[in-house]
Amino acid sequence: MSERWFLDGTEGGGARLVPLGGDGLPAGPVLTEPDLVEAVRSRPHVDRWVWRATSGVYPRLLASGVRVERCYDLEAAEQLLLGHEGRLGEPRSAAAAWARLHDRPVPPDPPLRGAEPGAQSPLFEPRSGLEVPFEGLLEVYADQQRRHGAAEHPGRMRLLTAAESAGMLVSAEMTRAGLPWRADVHRAVLHELLGERYAGGGEPRRLAELADEVSSAFGRRVRPDLPADVVKAFAQAGIKVRSTRRWELAGIDHPAVEPLIAYKKLYRIWTAHGWGWLQDWVRDGRFRPEYLPGGTVSGRWTTNGGGALQIPKVIRRAVVADEGWRLVVADADQMEPRVLAAISRDPGLMEVAAHDDDLYTRLSDRAFSGDRAHAKLALLGAIYGQTSGDGLKNLAALRRRFPRAVAYVDDAAKAGEEGLLVRTWLGRTSPRAAGAAEADEAGIPQEGPEEAVAEGEFTPGYASVNSRARGRFTRNFVVQGSAADWALLVLAALRRALTGMRAELVFFQHDEVIVHCPAEEAPAVAEAIRAAGDAAGRIAFGDTPVRFPFTTATVECYADAK
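What the sequence shown shows, in this note's numbering, is residues -14 to 547, in sequence order.
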């Protein structure tokens, strides 16, 4: 029989803890122990630890060599439950939850502390002004169990909370392990791309040269790092541009375009992953970002500094396995279309997604006369709401062959336009209003060529919140959010499968994982990833024929994986 204990740290490094019964209530006396680490280490039989926040406890356990199998993160659960109740954005701390229970003034959540490059999270996170007694934490937990039971689909909501809590454990372990990083290789790449650095911290040589080329092309001094200056320069040249996005500039016939695009690419590398970044974030051969599971409303992760989820391909040359070790890099294949097949239960699309080979090729054979490009644009257009021009004709073809799949996202869009709550398959809930930040996060395109949808490059934001924008957001939210929920279950399954190996999960973003392992463990790791994808599909979506394959590569350098 599984055993569950509630644990909270005390000042001085001690702990208060109590066993819990199946009803979530205390099943024994509250104990006080002088050392939190020993309190956990001495109870290996505990199946799941319930605590206030993983970030406030688990880093210290990991630093002492203690790994837990499962946890229930009280504050992560509160965030999910608030969203489910249409109250996303209200304070999610344990103190706030306890105050709501007792009709007290609700304290705001403490601001996110700035990440400390190369440092581990502290044992105690900054807490709100209202301190919660241990008995109060138990009250909050019991109330959350009641609220889970009142959810639209209680079983799914409990699974989502368990998956989010597992993600919290994985994120702490990945920060602890760190992504292998060769500082010498990174410096060599920067010198190759950017040239010499000048004294005083100014732009490196190559950027300065490109800036001069841009200015020469316009016939006056132009700051290529200032979009407004570039737009004005094009206007003076008789060319109207709405932004300086690459796909828009690429369609312009002007001598400034080529050096401007080159400048923008290198400028991004210099500012986001240049010499300053390397000095701040890489220590002892490891890059250790602080991951924030559920950092976006769709459930996708973010990081608190470090830009770990936007590592440029050229900089990936610095991600090199230790001697005798390998990186197993795995990408989920066509994840969002497969998720749409599973959640819509569309028979035709499930049949297309029931194979490990290329989904878009199978889709094109069924509905687009073998034209893979049109099939891909049609399906992504349905998910992202790109339904003008050719997109409208593509959508009509999809609707004829896969009516339930298209109806599923159409219904989500309609609900969003009407201001209703929209949920992922497991119950993660959209905010009541979608503005520029939510639209950007979901990758909702504003206007522009449909190729931008396929390439994942979107015009940022909306100038105002309106029902159409919200509908486009919720259309994508039900798919992207359900995919994020599935990815959490992949991480949980993979984490269990790696138990007993020397292999370590060291990176995760959206649909990609990296495991660092001894070379001899690489085949077993690749098989564990494949099995985790299928297991997550069954656990999340039930009995469907949809497959969730990964493309895996075993490499010494991350850049060689693609």
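Each residue gets a CB set at the ideal place from its N, CA and C atoms; glycine is no exception.
Rounded to whole angstroms, the gap between the alpha carbons of Thr536 and Arg45 is 35 Å.
Distance between Asp20 and Glu541, taken at the CA atoms: about 41 Å.
The beta carbon of Ser354 lies closer than 6 Å to none in the same chain, with the five residues before and after it left out. A direct Cα-Cα distance of roughly 12 Å separates Ile254 from Glu188. Following the DSSP letters along the chain, one finds Thr539 inside the beta strand (DSSP E) bounded by residues 535 to 540.
Between Leu5 and Glu18, the C-beta spacing is not below 8 Å. By the beta-carbon neighbour count (other beta carbons within 10 angstroms, threshold 16), Pro76 is buried. With contacts defined as CB atoms closer than 8 Å, Val117 and Ala62 fail to qualify as a contacting pair. Burial is judged here by how many other beta carbons sit within 10 angstroms of a residue's own beta carbon; Lys361 has at least 16 and is buried. When the alpha-carbon of Leu211 is set against those of His258, Ser415, Leu245, the nearest one is in Leu245. With a threshold of 16 other beta carbon atoms within 10 Å, His501 meets it and is buried. Between Ala0 and the set Arg172, Glu308, Trp34, the nearest pair of CA atoms involves Trp34. With a cutoff of 8 Å on beta-carbon distance, Ala162 and Glu403 are scored as not near each other. Between His258 and Ile224, the beta carbon gap of about 32 Å keeps them out of contact (Cβ cut-off 8 Å). Counting only the Cα atoms, Lys249 lies some 14 Å from Arg190. When rounded, the separation of the alpha-carbon atoms in Ala390 and His176 is 49 Å. Ranking Arg386, Arg271, Asn289 by CA distance to the CA of Gly279 puts Asn289 first. The shortest C-alpha to C-alpha distance from Leu10 to any of Thr39, Gly270, Tyr126, Arg413 is the one to Tyr126. Between Val51 and Arg26, the CB-CB gap stays under 8 Å. Note that the C-beta distance between Gly152 and Leu365 is not below 8 Å. With distances taken between CA atoms, Arg532 lies nearest to Asp343 out of Asp343, Arg408, Ala367, Leu406. With respect to the 8 Å criterion, Trp166 and Gly68 are not classified as neighbours on the basis of their beta carbons. No Cβ-Cβ contact shorter than 8 Å links Leu483 with Ala520. The beta-bridge partner set that DSSP reports for Pro165 consists of Arg271. Of all alpha-carbon atoms in Ala135, Asp94, Thr39, the one lying nearest the alpha-carbon of Ala157 is that of Thr39.
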